[in-house]
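Chemist: Sharing a structure with you now.
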Ligand code: SF4
């Protein structure tokens, strides 16, 4: 039962928040995989989205703003048997944590990163975020934003992520499928979720109208095709790209083996005398 994978803590999100859809998809994904809660670690930063791990059964690490990804990478490197999931919002994930985002996508740790994107800072009452569209009027930008909104899917693809997908909180079935696939992927799986903030920027109707599904003949093995598709339509839903590549944990193990050398400790210490 999906309820078996919930922590029992009642969510405090506003009624209708898109993050409920992501919570549903995560608990169903964990149920489908069948990983016991004691082998699951969820890592969050700060913000409304970062409350999600608290509602799921398993170990949770609530880190500081923007630092969920390096913490999740460290957990996985220390114990590769764990299933590690990082959840961030758009401000947490690609503003404060933007540099970590780039390097995590490039390093390919075997973790899943779900970014719940509502294009504002919901927890602090709706200020503009890095994914806000150009000209958006918010409390912090009463004359409109001056930045073009960035697209986390394009950035993840450009940085080298080995699994990149986009879902919509209003498309529950599609989001469940993508979440399970992300959790099963071996390597860094980036799932961008369009998740409206119904209190400070309700884009639910707009997203329902704009959301499209990636073409059936989209080639998920081509990074350039994925980038082109993401740039052509910022509301395209589905799996953009997937690749089987060595994970950070495998590469670390190779370094450990190489660094051990012939294994003669006395000879090694003699080099420093
Ligand atoms: Fe969701 Fe916005 Fe409410 Fe935060 S403020 S819980 S993002 S609807």
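In our numbering, the protein residues as written are 1 to 273.
Ideal Cβ placement from N, Cα and C applies to all residues, glycine included.
#1: Relative to the ligand SF4, what is the chain-ordered list of residues with a Cβ closer than 5 angstroms to any of its non-hydrogen atoms?
#2: Just curious, the beta strand (DSSP E) that residue 32 is in, first and last residue?
#3: Within this structure, are the beta carbons of residue 231 and residue 154 separated by less than 7 angstroms?
#4: So what's residue 139 in DSSP terms, helix, strand or just coil?
#5: So, for residue 32: in the same chain, excluding its five sequence neighbours on each side, which residues have a beta-carbon less than 7 angstroms away from its beta-carbon?
#6: If you draw a straight line from the alpha carbon of residue 229 to that of residue 126, how long is it in whole angstroms?
#7: Could you give the first and the last residue of the continuous beta strand (DSSP E) run that contains residue 42?
#8: Quick one: Cα of residue 176 to Cα of residue 214, how far?
#9: Quick check for students: name the residue ranges of the beta strand (DSSP E) that lie wholly in the stretch 181-212, counting only runs of 3 or more.
#10: Any idea if residue 139 is buried or exposed, counting beta-carbon neighbours within 10 angstroms, 16 or more meaning buried?
#11: Let me check one thing: in DSSP terms, what residues is residue 117 bridge-paired to?
#12: Runs of 3 residues minimum, wholly inside the stretch 143-178: which ones carry the beta strand (DSSP E) assignment?
#13: Which of the three DSSP states, helix, strand or coil, is assigned to residue 62?
#14: Does the distance from the CB of residue 198 to the CB of residue 17 come in under 7 angstroms?
#15: My parser needs the beta strand (DSSP E) runs of 3 or more residues fully inside the stretch 47-99; what are they?
#16: Indicate the three-state DSSP secondary structure (helix, strand or coil) for residue 12 in the structure shown.
Modeler: Concretely, from the data shown:
#1: 13, 14, 17, 48, 122, 197, 198, 199
#2: No beta strand (DSSP E) contains residue 32, which is instead part of the alpha helix (DSSP H) from 19-33.
#3: yes
#4: coil
#5: 180
#6: 29 angstroms
#7: 40-44
#8: 16 angstroms
#9: 189-194
#10: exposed
#11: 194
#12: 163-168
#13: strand
#14: yes
#15: 59-62, 83-89
#16: coil
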